[in-house]
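J.: Under the UniProt record's numbering, the residues of the sequence shown are numbered 1 to 175, in order.
So that we are looking at the same thing, I have put the structure below in structure tokens.
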Amino acid sequence: MNWTQDKPKSAVIDAAHLSRQREFSLATFGPGARTEGVLDHIAKELDEIRSTPTDISEWVDVIILAFDGAWRAGWEPQQILDAIVAKQHRNEARTWPDWRTADPSKAIEHVRRDDDATGLAEPPKCGMCPRERTPQDALDYNPIQVVTRQPLGWYSGDDGEICPECMAQLLGRTN
Numbered sequence: 001m002n003w004t005q006d007k008p009k010s011a012v013i014d015a016a017h018l019s020r021q022r023e024f025s026l027a028t029f030g031p032g033a034r035t036e037g038v039l040d041h042i043a044k045e046l047d048e049i050r051s052t053p054t055d056i057s058e059w060v061d062v063i064i065l066a067f068d069g070a071w072r073a074g075w076e077p078q079q080i081l082d083a084i085v086a087k088q089h090r091n092e093a094r095t096w097p098d099w100r101t102a103d104p105s106k107a108i109e110h111v112r113r114d115d116d117a118t119g120l121a122e123p124p125k126c127g128m129c130p131r132e133r134t135p136q137d138a139l140d141y142n143p144i145q146v147v148t149r150q151p152l153g154w155y156s157g158d159d160g161e162i163c164p165e166c167m168a169q170l171l172g173r174t175n
């Protein structure tokens, strides 16, 4: 019998589902970040995908391990889900090269913007809302917000820019 036939009636991934997965992982694999262990397991699953790329269970293993790594890095289930939605929004807003001209065996990377004179990327707006970023905002960036989870300025990373208000929402600091 195919394992997908044993699924619940309504397949939903929500904060409750991620909480359940976290409890299972804690009981089975123990507490702590286990970053290297999670990465090692992901690498093994990627090898399995290379061997059988049409096996959905191997792709799902990578997804579950990514969820595991995210909560072990300190993120709550709803924050993980919010980050997925924010990342999808950001990817949809990016400029991408024509896939028809890309090497199918290589990653298709988004078009990177040139840096301004300060060395910081100057996107015209937040990746989550239409708020425009000003030159003063670029000076207000403070990377310590990522460590403290306190939005002090624009969050800037290789996956885009997020204004302080959206970062606060993403981190669950406001509604």
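Ideal Cβ placement from N, Cα and C applies to all residues, glycine included.
Source: prediction; values computed, not measured.
Is it right to say Asp68 is buried, meaning 16 or more other beta carbons lie within 10 angstroms of its own, or is it exposed?
T.: As a first step, residue 68 is located in the sequence shown; it is residue number 68 there, counting from the start. That one is buried.
J.: Looking only at its chain, what residues have a beta carbon closer than 6 Å to the beta carbon of Trp71, apart from the 5 residues adjacent to it on each side?
T.: Mapped onto the sequence shown, residue 71 falls at position 71. Excluding residues within five positions, the ones whose Cβ falls inside 6 Å are Arg22.
J.: Looking at the structure shown, is Ile42 part of a helix, part of a strand, or coil, going by DSSP?
T.: By one-based count along the sequence shown, residue 42 stands at place 42. Correct three-state label for Ile42: helix.
J.: Under 9 Å between the Cβ atoms of Val62 and Glu36?
T.: One-based indexing of the sequence shown puts residue 62 at position 62. One-based indexing of the sequence shown puts residue 36 at position 36. The answer is no: Cβ separation not under 9 Å.
J.: Do the stretch 105 to 113 and the stretch 86 to 97 make contact, defined as three or more Cβ pairs closer than 8 Å?
T.: The stretch 105 to 113 vs the stretch 86 to 97: in contact.
J.: So what does DSSP say about Lys106, is it helix, strand or coil?
T.: If you number the sequence shown from 1, residue 106 lands on position 106. In this structure, Lys106 counts as coil in the three-state DSSP scheme.
J.: Report yes if the C-beta distance between Ala73 and Ala27 is below 9 Å; otherwise report no.
T.: Position 73 of the sequence shown, counted from the first residue, corresponds to residue 73. Position 27 of the sequence shown, counted from the first residue, corresponds to residue 27. In this structure, Ala27 does not lie closer than 9 Å to Ala73 by Cβ.
J.: Could you tell me the distance, in whole angstroms, from the CA atom of Glu48 to the CA atom of Arg113?
T.: Here residue 48 corresponds to residue number 48 of the sequence shown, with the count starting at 1. Here residue 113 corresponds to residue number 113 of the sequence shown, with the count starting at 1. When rounded, the distance between both Cα atoms is 35 Å.
J.: How many angstroms separate the CA atom of Leu171 from the CA atom of Cys163?
T.: Along the sequence shown, one-based indexing puts residue 171 at 171. Along the sequence shown, one-based indexing puts residue 163 at 163. Going from the Cα of Leu171 to the Cα of Cys163 covers about 12 Å.
J.: Assign Ser105 to one of two classes, buried (16 or more other C-beta atoms within 10 Å of its C-beta) or exposed (fewer than that).
T.: Counted from its first residue, the sequence shown places residue 105 at position 105. Under this definition Ser105 is an exposed residue.
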